[in-house]
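Under this note's numbering, think of the first position of the sequence shown as 838, with each following residue one higher. The beta carbon of each residue, even a glycine, is placed where N, CA and C say it ideally should be. Only a predicted model underlies this, so the values are computations on that prediction, with no experimental measurement involved. Take a look at the structure below.
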Amino acid sequence: MLALSLSSVGRSLTGINIVGPSNAETAPPANPGMYQLDITLKRGHNLAIRDRGGTSDPYVKFKIAGKEVFRSKTINKNLNPVWDERVSLLVDSLREPLYVKVFDYDFGLQDDFMGSAYLYLESLEHQRTLDVTLDLEDPQYPEHNLGTLELAVTLSPKEGDFREATMLLKRSCKRSSKQQHSSMRLSDVHRKAQLWRGIVSISLIEAHDLQPMDANGFSDPYVKFRLGHQKYKSKTIPKTLNPQWREQFDFHLYEEQGGFIDITVWDKDAGKKDDFMGRCSIDLSPLSKEHTHKLDLPLEEGEGMLVLLVTLTGAAAVSISDLSVNILDDPHERHQILQRYSVLRSFHNLKDVGVVQVKVIRSEGLMAADVTGKSDPFCVVELSNDRLQTHTVYKNLNPEWNKVFTFNVKDIHSVLEVTVYDEDRDRSADFLGKVAIPLLNIQNGERKAYALKSKELTGPTKGVIFLEIDVIFNAVKAGLMTLIPKEQKYIEDEPRVSKQLLLQNFNRVRRCILFLINAGCYINSCFEWDSTQRSIFSFLVFVLVVWNFELYMIPLVLLLPLAWNYILISSGKDTRQDVQAMEDLLEDEDEDYDKDDKVPRPGPSEDGRLPESHILEDMLASWHFEWIRVMLDPERKGFINKLYAIQDVCISVQNALDEVASYGERIKNTFNWTVPFLSWLAIVALCVATVLIYYIPLRYIVLAWGVNKFSKKLRDPYTIDNNELLDFLSRVPSDVQVVQYRELKVDPSHSPNKRKKNNPG
């Protein structure tokens, strides 16, 4: 049911109940062919609670004839939101009502329904602004009171060229990504295809005098940031009231006037709901651009103060265009870009490493996601935290997009992710396929067919996508930026407990340990004289090295395996034999993610050893004391809390195994030239270290290092600490990532030069 409140000069009509089109106050005149519907979404009252905190994050969708024509911004944590947004729509029939739906935005999850209502256009008086109050209802629970929405609506007959207006209407519905008030039509974790107007860089430095939340008189604080749909969560600092985070991240600015950043501080509690410690916000509108602002923000609803550094900059080189218009195909523009990233400008604006242009041509043989045997595919292109999307091609398994995306490159070791989704009107978009392409693996100007992979990038799925990618970058800047902390993605899947993943990580750690054991056994065999020839040779090398040892020989020795592997690879021998084993491991995990646990446990093998899965079980059993400690903790009451605590321990073990294995694999992959750019960079660093140690006495090097460390905080109190070696290793892919980034073989019938007939099926 709708309650219409009509206001005009000299009179006011309220409480008019409209059941349907039959009770229109004024019959519309002869159909002019097109109408313009101007709507102002004012506010909502007493909306439904959908979040655990007793609030909601509401936004509104407008639909006409099943097509989404408008989506409002999201108002965070408010049951009485004020939008004050205006939209103008072209409609060709008044018989189709305006369908209004309200949702609660849930980051990374499916949004919750908060109510809906219909506005019957035939009931509206022409050429007059009407104040409308809509009662929200849930068709499944009509007795529930879900609040109201206030709108101002004006319906005007549209005169002029009806054919042109009809085409405009179709474009506004079917290619909404080009309109100002377009539909998001994307899974909940993605923004719509909109270019940002600037970037806000935030450095979370520290906090002072926070409120103690734990029984020990301390807290385990972390901070959450939110700007529109963008979110970031800091690391947790244990047992302190004066934490120092020293983290830096970027948000995109979509509004010219800036907007507000909502900040909340929480105390981490394993197995329980985290404790709220306070909130604050930043109004970006008064902050000047291209200038770093130090902000001391007192916490509301709590105690203490946050210290931040905020810098607003203009938009980077990001654009969307049609295939016929792109900058790198213009010789003059290409020459200017090459000049900008030439070696002569290596120390100008170090963060501007390069530019990448992605041509999303088309896709073939996609999976049918709808019951009709077709799909409504669109494509999302991601580079780190930058996301853009194509328009949707409806009812087609061989869509053509012909779009060009241009991104600014801040880290040459970033991975370009191209994901194809099927659009669903009222639900999250369905996943159709994905490819991940490291920027350093790209062959410039090559139009190529990429086989689509599963979500985990470990196996194939149906379909291919045709891309043409160009990367232009400055190698000196790229090398220097390798030694600073890697940008963290602020949209990531929550960690979950998985027996298969635990087993996989355990096997990866086991392989690293076995390598060290084998190396130790080989060295020990030299002492045992298992091979006389090898032992004599080892003894002579030992004597020569010890007699002539100098400190500069340490980096020189590290150069030897790099040089040896380079010679082997150049001669056609691949030193990376264990990648296939990792592929098999990941495929096994993909094939059966939830196997029945009721399989009889096999006994020991002939050599007396237990199977690997039971080694894992025995290892997990060795941690039972930690679980018992958690279970007996008097603060954790209730069975559910105990289960959550056990889950936290399992996730910690799972992540620790992954981190240990990843570092071992990354060191190995540095020496076996998995990423040639990084191996060359390691050679340059080792050569420089050799020369420095050879010519400069060690005491001077240590003295310079110590002076720098001690004076760093004095020179820049808010500097973000980092370890250059760990930052370098974070760019080297682990064996799992090597498999994820490896291209699958494509059917020869999918040629970049052959174009399939673009039919719906």
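Spatial distance of L983 from V990 (CA atoms): 22 Å
Whose C-alpha, out of N1233, W1238, L1234, is nearest the C-alpha of Q1226? W1238
Neighbourhood of E1254 by C-beta distance below 6 Å, restricted to the same chain and skipping five residues each side: E1219, A1273
What first and last residue would you give for the alpha helix (DSSP H) that runs through K1232? No alpha helix (DSSP H) holds K1232; DSSP gives it neither H nor E.
Could you tell me whether the region 1191-1204 touches the region 1300-1307, using the rule of 3 or more Cβ pairs below 8 Å? yes
Check the DSSP bridge columns for H963 and list the partner residues they point to. L992
For the region 1154-1161 against the region 1061-1077, do three or more pairs of beta-carbon atoms, one drawn from each stretch, fall closer than 8 Å, so that the two count as touching? no
To test your reading of the DSSP string, which unbroken beta strand (DSSP E) runs of 3 or more residues are found completely within the region 865-950? 871-882, 895-901, 904-908, 919-928, 935-941
Is it buried or exposed for K1196, if we count other Cβ within 10 angstroms and need 16 for buried? buried
Enclosing alpha helix (DSSP H) for S1516 [first to last residue]: 1513-1532
Supposed close pair K1105, Y1178 - CB separation, criterion 8 Å: Not confirmed; about 43 Å, so no contact.
Where DSSP assigns a beta bridge to P1297, which residues make up the other side? K1290
Going by the CB atoms, is the gap between L1294 and H1250 shorter than 8 Å? no
Would T1101 be called buried (16 or more neighbouring beta carbons within 10 Å of its own) or exposed? buried
Close beta carbons around A1526, own chain, < 7 Å, minus the five adjacent residues each side: P1392
Can you give me the C-alpha to C-alpha distance between A1482 and L1338, rounded to a whole angstrom? 19 Å
My guess is that M1114 and M1050 are in contact by the Cβ rule of under 8 Å, so how many angstroms apart are they, rounded? 6 Å
What residues in its chain sit with their C-beta under 6 Å from that of Q1081, if we drop five residues either side in the sequence? E1043
Contact check, L1515 vs R1568, beta carbons under 8 Å: yes
Beta-carbon proximity check, L1064 vs G1035, cutoff 8 Å: no
So, helix, strand or coil for N1342, using DSSP? helix
Can at least three beta-carbon pairs, one atom from the region 875-895 and one from the region 923-935, be found at a separation below 8 Å? yes
For P1570, which of helix, strand or coil comes out of DSSP? coil
Please identify the residue among S1221, D1223, K1326 whose C-alpha is closest to the C-alpha of K1070. K1326
Indicate, with yes or no, if the ligand NAD has a heavy atom lying under 7 Å from the CB of S1362. Here there are no bound small molecules, and the ligand NAD is not part of this structure.
Tell me the residue span of the alpha helix (DSSP H) that contains I1100. Careful: I1100 lies outside any alpha helix (DSSP H), inside the beta strand (DSSP E) at 1097-1104.
Given this structure, state the Cα-to-Cα distance separating W1366 from F1379, to the nearest angstrom. 15 Å
Identify which residue in S893, L884, L935, V1539 has its Cα closest to the Cα of F899. L935
Among G891, S1548, G1139, I886, which has the Cα closest to the Cα of V939? I886
If you follow the alpha helix (DSSP H) that G1316 is in, where does it begin and where does it stop? 1312-1318
Terminal residues of the beta strand (DSSP E) in which P1168 lies: Here P1168 belongs to no beta strand (DSSP E); instead the alpha helix (DSSP H) covers 1168-1177.
DSSP has F1215 in a bridge; who is on the other side? Y1258
Any idea which residues DSSP pairs I1373 with across the strands? In DSSP, I1373 forms no bridge with anything.
Leaving aside the five residues before and after P1236 along the sequence, list all residues of the same chain whose C-beta is less than 7 Å from its C-beta, in chain order. R1199, S1200, P1214, V1230
In the DSSP assignment, what are the bridge partners of G1191? V1246, F1310
Taking the straight line between their C-alpha atoms, what separation do you get for H907 and Y896? Per the sequence shown, the amino acid found at residue 907 is Phe instead of His. So the alpha carbons of these two residues sit roughly 11 Å apart.
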